[in-house]
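Protein chains in written order, with the working numbering: chain W, 40 to 466; chain R, 99 to 259.
We put the beta carbon where it would ideally sit given N, CA and C, even for glycine.
See structure below.
Dropping the structure here:
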């Protein structure tokens, strides 16, 4: 008799096997499955524009499949974007799409999580690269293109190649003034911007000290190492958060890797080794410590986006700027990640503190992150931002520079107009 | 035939700036901005049948498909690269744009070299030297051969009735 060797399974192998109705799957295998949700945003109009006659004939395969959030250029910047929004609203009405969130609700990824639409063990795809964010609450989620989204609206079905997995084990805890943003910049700097290409990343170890917001920041930037999903194990922090957003433990099925799962690579990170860091132009893996570039001057400081626009991010900034003023010659822009996060920051005076210090407030949404409107830079200007990308031209001007950092580092920099280590202000 | 050479980590913002993402969607709208922040005159000079020879992590960043749409529409025959970012790779399959992941071929290329591609055989010849590249699995080739994902989906829907 042949000896049967049972090898443990990774998170993604279990989730994809379950969805594909297979007993087990192995990396490299191609499976066909029906995702739980399809996220689209301002690109919805272009997506449905590809399949007009087919939508007339077949309709949307399942009105509960799509989640649509208008967030990228909100409120509309011009006639063209306004018409785009109008077409989306017409599509939503015509096809009875339930999960629709209009302008002002927030950045799509934050909205998906805070409306309780992303649940542990689910498969969610979206026509936005940062769809990988829902790994924060134990879902497998990843980005696709517009054409794939159009096909999904009609068929509800797609293929996925089962990815190998990289296991990253986090140890210890952050020093004061160091945050999850510094950690993920450190990790991307370590593995490079293509270090997790075609692979999923699982985060293991001492995660109990990381809030859902912290995990969101890390999972969100998974795509900046080209990972196909970046996932945290469900724990009490997740269960409590999900309960708060109306999702009970009976509403989902927790999935996690077996102890003896087989990994492509394993890497350990000691969180107490991480220091305030930035991604310097024009790549996210161009890692520098704040110490190295201390004193570099900035024209604009931006706190917001799906990466770092939550209440806890605004609060950290307000604590640094309380009773102080943004340095003359520097502009501070704040765009909360969602209406809900904005409300939290309004309730305890965080927003007042920021506005008193001289901050400009924007509508909850993507804001200046993608360079379509709001906070576009002039040539030779420099922004420090809590966003996830610092590519050339990303914020609308190819002769400008973008540095990425934590909300604390951005706030400290706004205070002095030059790159400042937040540890100096928090000690 | 021209071989257009670009380096590592060419992201989709360089291939098609984000500021146009929600105002330009069709190939006609995309082409004037194709590679605008990387090689501004590319869209005027590129010809049907040209090749791109690129470094690692080509197409990283945003999931916007306009770069793929535009490169296909101007007649780029294939992109030969050290490696491609995941979403860009998938988007290319969905548009029927051919990507060839072959670091050795990129390394071997010298200006003026003849490049010959045998897609079905998974072989590429650069300046007389032959290299092999991984072929796509049959299920995926079906999508490409149908002329892209939407045609593939349409066929499937028609069969279902």
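Q. Does the beta-carbon distance from residue 231 of chain R to residue 200 of chain R come in below 7 Å?
A. Taking 7 Å as the cut-off, the Cβ atoms of residue 231 of chain R and residue 200 of chain R count as close.
Q.
So, with DSSP's three-state summary, where would you put residue 66 of chain W?
A. Of the three classes helix, strand and coil, the one that applies to residue 66 of chain W here is coil, per DSSP.
Q: Tell whether a beta-carbon distance below 7 Å holds between residue 316 of chain W and residue 243 of chain W.
A: Cβ atoms of residue 316 of chain W and residue 243 of chain W: not closer than 7 Å.
Q.
Determine, for residue 496 of chain W, whether the minimum Cβ-Cβ distance to residues of chain R falls below 7 Å.
A. Residue 496 of chain W is absent from the model: chain W starts at 40 and stops at 466.
Q: Return yes when the Cβ of residue 169 of chain R is within less than 7 Å of the Cβ of residue 128 of chain R, no when it is not.
A: Taking C-beta atoms as the reference points, residue 128 of chain R and residue 169 of chain R fail to come closer than 7 Å.
Q) Which stretch, first to last residue, makes up the alpha helix (DSSP H) that contains residue 108 of chain W? A) Here residue 108 of chain W belongs to no alpha helix (DSSP H); instead the beta strand (DSSP E) covers 105-108.
Q: Would you kindly work out how many angstroms separate the C-alpha atoms of residue 220 of chain W and residue 65 of chain W, rounded to a whole number?
A: C-alpha separation (whole angstroms): 32 Å.
Q | Under 7 Å between C-beta atoms of residue 227 of chain W and residue 167 of chain W | A | When the beta-carbon positions are compared, residue 227 of chain W and residue 167 of chain W stay at least 7 Å from each other.
**Q.** is_contact[residue 117 of chain R, chain B] using C-beta, thresh 7 Å
**A.** Reference to chain B is not applicable here, since the protein chains of this structure are W and R.
Q.
Report the CB separation of residue 409 of chain W from residue 159 of chain R in whole angstroms; it is logged as a contact under 8 Å.
A. Going by Cβ atoms, the distance from residue 409 of chain W to residue 159 of chain R rounds to 11 Å, so no, they are not a contact pair.
Q. If you draw a straight line from the alpha carbon of residue 145 of chain R to that of residue 175 of chain R, how long is it in whole angstroms?
A. Approximately 10 Å, taken between the alpha carbons.
Q: With distances taken Cα to Cα, identify the nearest neighbour of residue 163 of chain W among W:241, W:77, W:333, W:349.
A: Nearest of W:241, W:77, W:333, W:349 to residue 163 of chain W, Cα basis: W:77.
Q.
Mapping the DSSP letters down to three states, classify residue 116 of chain R as helix, strand or coil.
A. Three-state result, residue 116 of chain R: helix.
Q) Considering only residues of the segment 330-407 of chain W, which uninterrupted alpha helix (DSSP H) runs meet the minimum length of 4 residues and lie entirely inside it, listed in chain order? A) Within the segment 330-407 of chain W, complete alpha helix (DSSP H) segments of at least 4 residues are found at 344-347, 350-360, 378-386, 389-395, given in chain order.
Q.
I want to see whether chain W comes within less than 7 Å of residue 120 of chain R, judged by CB atoms only; does it?
A. Interface residue, yes.
Q.
Which residues in chain R have a C-beta closer than 7 Å to the C-beta of residue 111 of chain W? List them in chain order.
A. Contact of residue 111 of chain W with chain R by beta-carbon distance below 7 Å involves 120.
Q. Using a beta-carbon distance cut-off of less than 7 Å, what residues from the segment 154-184 of chain W approach chain R?
A. For the segment 154-184 of chain W, which is checked against every Cβ of chain R, the residues closer than 7 Å are 166, 167, 168, 182, 183, 184.
Q. Which of the three DSSP states, helix, strand or coil, is assigned to residue 260 of chain R?
A. Any property of residue 260 of chain R remains undetermined from this structure, which presents chain R solely from 99 to 259.
Q. So, helix, strand or coil for residue 251 of chain W, using DSSP?
A. In the structure shown, the three-state DSSP call for residue 251 of chain W is helix.
Q | Bridge-paired residues (DSSP) for residue 192 of chain R | A | BP columns for residue 192 of chain R are empty, so no partner.
Q) Since residue 271 of chain W is in the beta strand (DSSP E), which residue starts that stretch and which ends it? A) DSSP places residue 271 of chain W inside the beta strand (DSSP E), whose first and last residues are 269-271.
Q. Taking Cβ positions, are residue 179 of chain R and residue 213 of chain R nearer each other than 7 Å?
A. No.
Q. What whole-angstrom Cβ distance do residue 405 of chain W and residue 111 of chain W have, given they're in contact under 8 Å?
A. About 5 Å; that satisfies the 8 Å criterion.
Q) By Cβ distance below 6 Å, which residues in the same chain neighbour residue 56 of chain W in space, the five residues on each side in sequence not counted? A) For residue 56 of chain W, where only same-chain residues beyond five positions count, the Cβ hits under 6 Å are 63, 64.
Q: Using a Cβ cut-off of 7 Å (strictly closer), state whether residue 171 of chain R contacts chain W.
A: Residue 171 of chain R is outside the set of residues whose beta carbon lies under 7 Å from a beta carbon in chain W.
Q) Going along the chain, which residues of the segment 140-153 of chain R sit with their C-beta nearer than 9 Å to a C-beta in chain W? A) Hits within the stretch: zero.
**Q.** Reduced DSSP secondary structure (H/G/I, E/B, other) of residue 133 of chain R
**A.** The DSSP-derived three-state label of residue 133 of chain R is coil.
Q: Please name the residues in the segment 404-433 of chain W whose beta-carbon is closer than 9 Å to at least one beta-carbon of chain R, in chain order.
A: For the segment 404-433 of chain W, which is checked against every Cβ of chain R, the residues closer than 9 Å are 408, 409, 410, 411, 412, 415, 428, 430, 431, 432, 433.
Q) What residues in the segment 200-220 of chain R bring their beta carbon closer than 7 Å to a beta carbon of chain W? A) Going along the segment 200-220 of chain R in chain order, one finds no residue with a Cβ nearer than 7 Å to chain W.
Q: Say whether chain W places a C-beta atom closer than 7 Å to the C-beta of residue 132 of chain R.
A: For residue 132 of chain R, the answer is no, since every Cβ of chain W falls outside 7 Å of its Cβ.
Q: Starting from residue 326 of chain W, follow the beta strand (DSSP E) in both directions and report where the run begins and ends.
A: Per DSSP, residue 326 of chain W is one residue of the beta strand (DSSP E) stretching across 326-328.
Q.
Below 8 Å on the Cβ atoms is my contact criterion, and I expect residue 281 of chain W with residue 257 of chain W to pass it. Report the Cβ-Cβ distance as a whole number of Å.
A. Wrong, their Cβ atoms sit about 18 Å apart, outside the cutoff.
Q: Give a yes or no on whether 7 Å exceeds the smallest Cβ distance from residue 122 of chain W to chain R.
A: No, no contact with chain R.
Q: Check whether the Cβ of residue 356 of chain W lies closer than 6 Å to any heavy atom of the ligand COA, and answer yes or no.
A: Summarising the ligand content, the structure contains no ligands, and the ligand COA is consequently not present.
Q.
Is it buried or exposed, residue 242 of chain R, if we count other Cβ atoms within 10 angstroms and call 16 or more buried?
A. With 16 or more Cβ atoms within 10 Å of its Cβ, residue 242 of chain R is classed as buried.
Q. With distances taken from CA atoms, which of W:308, W:116, W:194, W:169 is nearest residue 211 of chain W?
A. Ranking the options by Cα distance to residue 211 of chain W, first place goes to W:308.
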